[in-house]
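Residue numbering for the sequence shown follows numbering that gives the first Met the number 0, beginning at 0 and increasing consecutively.
This report concerns only the one structure given below.
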Amino acid sequence: MPTDQPSPIARLRGAVDVLVREMLKFGVVGAVALVVDVGTFNALRFVGGHGPLYDKPLTAKVISVTLATLTAWAGNRYWTFRHRRRTAVHHELALFVVFNVVGMGIALGCLGFSHYVLDLTSPLADNISANGVGLVLGTLFRFWAYRRFVFSENPPLESTIQV
C-alpha cells in the first residue's frame, strides 16, 4: 500500500540539501559583501593617493560597512533565502541589521578577550581572534539568526492572529 508521504530519510535528505545550498549561497553573498566593504573603504581612503575620506578612516568604515550590510541583505533576501516566507521589508531589514550588530559584537568580544584578558596583543593574535575565531563564530550566529528570524519560513506571530 504506497503512500504519497515521503519517507523520513527522503525528508532528511531534502532538508540537508536545502541547508547545504543555503550555506553555499550565504558564503558567496558574504564574500561579495566583504569585497564591497574592503573595496569601498580603500577607495574612500586611498583612490588617487589620498581619497575623499583619507583623513576620516572611521567615516570611511561606517560607509563601507553600511554598503556591505545592504549588499548582504539584498543578496540573502533575493538569492540565498528567496524561497522563505518574509515579513515586511522594513521589518526584515531592521532584524538583519540587529543580527549583524550582534555578530560584530561576537567578533569584538573575541578580540577583547584575547587582547585584554589573555594579553595576546600581537597583530597576528589580534587577527586570529577577531578575523579568525570571531568571524567564524559571528558568521555561524548570523546564518542561524537569518534562517530562524529574518528569513523565516514561519509566518510572523501577528499575521496568525485573527481579529
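Positions of the beta carbon are idealized from the N, C-alpha and C atoms, including for glycine.
request  = Could you tell me how far apart the beta carbons of A106 and G74 are, in whole angstroms, since I believe they sit closer than 8 Å?
outcome  = At roughly 20 Å, the Cβ-Cβ gap does not stay under 8 Å, so A106 and G74 are not in contact.
key: Cα-Cα separation, E157 to S63   = Annotation note: pLDDT 45 at E157 (below 50); position unreliable, coordinate value reported separately. Roughly 35 Å separates the two Cα atoms.
ask   = Does the distance from the CB of L110 to the CB of S121 come in under 8 Å?
value = no
task = Report the rounded CA-to-CA distance for L119 versus V88, giving the unit in angstroms.
result = 42 Å
key: Per-residue burial, W99 [other beta carbons within 10 Å of its own, 16 or more giving buried]   = In the sequence as presented, Trp is not what sits at residue 99; that position holds Asn. A buried status is given to N99, since no fewer than 16 other beta-carbon atoms sit within 10 Å of its beta-carbon.
task = Go ahead and label V52 buried or exposed: buried means 16 or more other beta carbons lie within 10 angstroms of its beta carbon, across all protein chains shown.
result = The sequence as given places Leu at residue 52; Val does not occur at that position. L52 is buried by the Cβ-count criterion.
ask   = Alpha carbon to alpha carbon, what distance is there between T79 and E21?
value = The straight-line gap from Cα to Cα measures roughly 6 Å.
inquiry  = What does the alpha-carbon distance come out to for the pair V101 and A93?
reply    = 13 Å
key: Where D3 sits in the DSSP three-state scheme   = coil
ask   = From G26 to T138, what does the alpha carbon distance come to, in whole angstroms?
value = 9 Å
task = Using three-state DSSP, classify G29 as helix, strand or coil.
result = In the structure shown, the three-state DSSP call for G29 is helix.
query = Taking the C-alpha atoms as reference points, what is the distance between D165 and L117?
reply = Summary: the structure shown does not reach residue 165, with the chain confined to residues 0 through 162, and so no result is reported for it.
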